[in-house]
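What follows is one structure encoded as structure tokens, with my remarks underneath.
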Amino acid sequence: SVYTTKLAVYALARMFPGQDHLIWIGATMTVFPVFFAVIENDLRRVLSYSINNQVGFMVCGVGVGTPLAINGVAAHAFADIFFKGLLMMSMGAVLYRTGTVKASQLGGLHRSMPWTTVFCIIGAMSISAFPLFSAFVTKSMIISEVATAGYAVIFLMLMFASAGVLEHSGIKIPYYAFFGHDSGLRVKEAPFNMLLAMGIAAGLCIFLGLPALFPGFGHEWLYGLLPYREEAMGYSHHHLFSFEHILTQFQLLVLAIFAFVLLKRIHAYPPEKRGVILDTDWIYRKVGYNLVTWAGTVWGKAGPAMTAAFFRVTGRAYNWIEAAFSPRGELARGGALNGAMAIWTAALLGVVLLLSFMAVG
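Residues 47 to 407 (our numbering) make up the sequence shown, in order.
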């Protein structure tokens, strides 16, 4: 979920900052889900892939391990709860009213669910890191530190993943759910309690991305909570809203939007249709299920005999133990056996004392 994954990020940041292998693991996590999210028909599964993608940025930042990178990890983990939660809630509202979140069955809902549409777009712009939205002020710290540390390949992977985020979460989700082809669905707007929750999350997505019009306002409020406050404030004053940074981000966003439009125009963008997408969950859904089914069949045939053999062996072991150690057993009898036991006991105590003296010495 949005929350449990952040607990994992927190644990990594506390225990393994600066571990280089996390940089490559995180970068792979950002890129790998993009391909699945683009072709996925279920929009909630798209957001699930997006969770993996966003956590990848955080894991990569933990691997870099510099104060500013750790700031970026903490800030992005905090902001991700709101924009990812907002997108999840908007798709939940769509599911509640229409009974589906399949992109192939949706479209045109902006007419009947205008507020949900607006909130979804705000979440989409936030996760895409548009300037004046939350991820712009959080994720950029991680990418900036990757570039500063000289990880050129990792930097390119993160830039590709950032464009991919815009494709599958920033464009695909609102486009296919609320725009695109008209599905003919005419439903009621989401209930007030859902709109209220989405409105609060949307407000925070915007507030966290605003410039500091006065001390402690907008992103500076978030930066003031980060573990390395001075580094965060320095980044805010010298780089965050610089012309170069904003221009670079807009170039990335515009090119990603252009790529989406071009692929749609030439009919090269993956169509939204029903299908099966094989992912790593296939291992436990198919292989694991078949293995458990086979084990159940084997146990059904051999289980009774194995159970009977087990009870025979344990019964014999119990009888032997009882014969030796019970009040009526051999060890409780008098005579030479007790004398032998006394000798063995004294010898064992002597060995224990010798080992104790050696350990102390």
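Where is the CB? At the ideal position from N, CA and C, for every residue including glycine.
Between the alpha carbons of Leu132 and Thr194 lies a distance of about 32 Å. Comparing alpha-carbon positions, the option among Ala247, Ile312 and Phe356 lying closest to Asp126 turns out to be Ala247.
DSSP places Lys218 within a helical segment (H, G or I) once states are collapsed to three.
When secondary structure is reduced to three states using DSSP, Asp88 falls in the strand class.
Comparing alpha carbon positions, the residue from Val233, Val77, Ser186 and Tyr142 closest to Ile116 is Ser186.
Taking a cut-off of 8 Å on C-beta distances, the segment 199 to 209 touches the segment 68 to 84, as three or more cross pairs fall below it. Between Leu114 and Tyr281 the beta-carbon gap is near 6 Å, inside 8 Å, which marks them as a contact. Secondary structure note for Phe253: its alpha helix (DSSP H) is the uninterrupted segment Phe238 to Phe253. Gly396 and Ser402 have their C-alpha atoms some 10 Å from each other. Val147 and Phe356 have their C-alpha atoms some 52 Å from each other.
Around the C-beta of Lys52, 16 or more other C-beta atoms lie within 10 Å, and the residue is accordingly described as buried. If you ignore the 5 residues before and after Ser229, its C-beta comes within less than 8 Å of the C-beta of Gln151, Leu152, Gly153, Gly154 and Leu155, all in its own chain and listed in chain order.
With respect to Ser158, Ser215 sits apart: the two C-beta atoms are not nearer than 9 Å.
The beta carbon of Gln65 sits closer than 8 Å to those of Val108, Gly109 and Gly111, all from its chain and outside the five residues before and after it, given in chain order. One Cα belongs to Phe129, the other to Met352, and the distance between them is close to 55 Å.
Take Thr162, set aside five residues on each side of it, and the residues of its chain with a beta-carbon closer than 6 Å to its own are Ser136, Ala139 and Ala236, in chain order. Sequence-distant partners of Gly210 (beyond 5 residues in either direction) whose C-beta falls short of 6 Å from its own C-beta, in its chain, are Val80. The Cβ neighbour count for Ile367, taken over all protein chains shown within 10 Å, is under 16; the residue is labelled exposed.
Selection Phe82, Asp88 and Ala73 evaluated against Ala223 yields Asp88 as nearest (Cα-Cα). Cβ-Cβ separation between Val55 and Met104: approximately 5 Å, consistent with a contact (criterion under 8 Å). Contact between Ile323 and Ile71 is ruled out by a C-beta separation of about 23 Å, above the 8 Å threshold. No Cβ-Cβ contact shorter than 9 Å links Leu178 with Leu299. Here Met240 has Ala139 as same chain residues with Cβ atoms under 6 Å from its own Cβ, once five neighbours each way along the sequence are excluded. The beta carbons of Glu318 and Ala149 sit about 4 Å from each other, so the pair counts as a contact at 8 Å. Lys148 is bridged by DSSP to Asp88. Between Ala305 and Glu191, the CB-CB gap reaches or exceeds 9 Å.
Distance from the Cα of Val183 is smallest, within the candidate group Ile200, Ala123 and His227, for Ala123. When the alpha-carbon of Ala181 is set against those of Val119, Val164, Thr50 and Phe289, the nearest one is in Val119. For Arg232, no alpha helix (DSSP H) segment is defined, and its DSSP state is neither H nor E.
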